[in-house]
Amino acid sequence: MMESAQVTIWPPLYTIKKSTRSKQVRLSIHPQTGLTIHLPHSLRRPIDIDALLLEKKSWILKHLHLLEQTLPREETLLPTTLSLEAIGETWQIEYKPNCAKPTLFAAAGYRLVIMDKEIQIDRTLRLLHAWLKKKGETHLVPWLTQLSLQHQLLFNKVQIRHQKTLWGSCSSRQNIQLNYKLLFLPPHLAEHILLHELSHLKHLNHSRSFWRLLTSLDPHCHQHNSALKTIETELPAWLYA
Ligand SMILES: [Zn+2]
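Numbering (our numbering) for the sequence shown: 1087 to 1327.
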């Protein structure tokens, strides 16, 4: 289930740095920062980055490939695919550097396009998290509502959030919070969490009565509960970055 970034996509992600030390345009590749294009401060004319990348293509690919082999997969943080199993959607992510303002938009054919002046991990992850939150609102809220009506377990409010350790929670005010990482689970496990939180509307603890109610809604709840512990470790690392 884990999706990892591939650094050998073309055109590659890069950062531009103006340097007082460089006398000429120079490329470097480092494990932490990836490909950097160093431009001398004294540069007068604008430079054609695409042409430069193309000219140095074999050098860049060779070194990015070497880097990819030496790094743990988690270090190449940015994903190229989002596999939202819970709702049966797989999104391909395209990174387009060279654009004025950080933007993410969904295009036809399940493509997410991320545009930025230069692709930066922090900024890009913020865009992805914001998109996933909306996705959770569009898909998880109606799902919870439908189950709630079906089983007559009525909640007050539902919020989609990103908590690093929780799948969801339910408060004494009957407010439910769901983590949008539920989207990455197989549907039956995502539904298990929704039913778990709905059961807390009647039992605000993990007592026998709670499990009895949950078992009546989800007969395999104990298996589902232990499956979750394994699957947690297989979720994309960038979700926790
Ligand atoms: Zn619980």
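Where a beta carbon is used, it is the ideal one built from N, C-alpha and C, also for glycine.
These figures come from a predicted structure and were not determined experimentally.
- P1097 and T1166 have their C-alpha atoms roughly 13 Å apart.
- Under the Cβ criterion (8 Å, minimum of three pairs), the region 1269–1278 does not count as touching the region 1241–1252.
- For L1113, there is no enclosing alpha helix (DSSP H); the residue is part of the beta strand (DSSP E) that begins and ends at 1112–1116.
- Its chain contains I1200, L1213, W1217 as the residues whose beta carbon lies nearer than 6 Å to that of L1190, once the 5 sequence neighbours on both sides are disregarded; these appear in chain order.
- As for any alpha helix (DSSP H) of minimum length 4 sitting wholly inside the region 1164–1200, there is none.
- Residues L1121, T1122, I1146, H1149, L1150, L1153 of the same chain have their beta carbon placed closer than 8 Å to that of I1115, with the five preceding and five following residues left out of the count.
- With a threshold of 16 other beta carbon atoms within 10 Å, D1304 meets it and is buried.
- Comparing C-alpha distances from Y1196 to each of L1211, E1180, N1242, P1188 shows the shortest one belongs to E1180.
- Secondary structure note for R1209: its alpha helix (DSSP H) is the uninterrupted segment 1207–1236.
- Ligand 1 never approaches H1310 closely enough for any of its heavy atoms to be under 7 Å from the residue's Cβ.
- The distance from the Cβ of I1262 to that of L1230 is about 7 Å, consistent with a contact at the 8 Å cut-off.
- Note on geometry: alpha-carbon atoms of S1255 and E1171 lie some 21 Å from one another.
- Here the alpha carbon of L1139 sits roughly 11 Å from the alpha carbon of L1099.
- Around the beta carbon of E1277, 16 or more other beta carbons sit within 10 angstroms, so the residue counts as buried.
- Short note on H1278: C-beta not closer than 7 Å to any heavy atom of ligand 1.
- For K1315, the enclosing alpha helix (DSSP H) starts and ends at 1307–1318.
- Here the residues close to ligand 1, judged by CB distance below 6 Å to any of its heavy atoms, are H1282, H1286, H1292 in chain order.
- In this structure, K1220 is the residue among K1220, R1298, L1300, L1287 with its C-alpha nearest to the C-alpha of N1265.
- Taking 8 Å as the cut-off, the beta carbon of I1246 is found no closer than this to the beta carbon of E1283.
- H1274 sits in a helix when the DSSP states are folded into three classes.
- Here DSSP, grouped into helix, strand and coil, assigns R1107 to coil.
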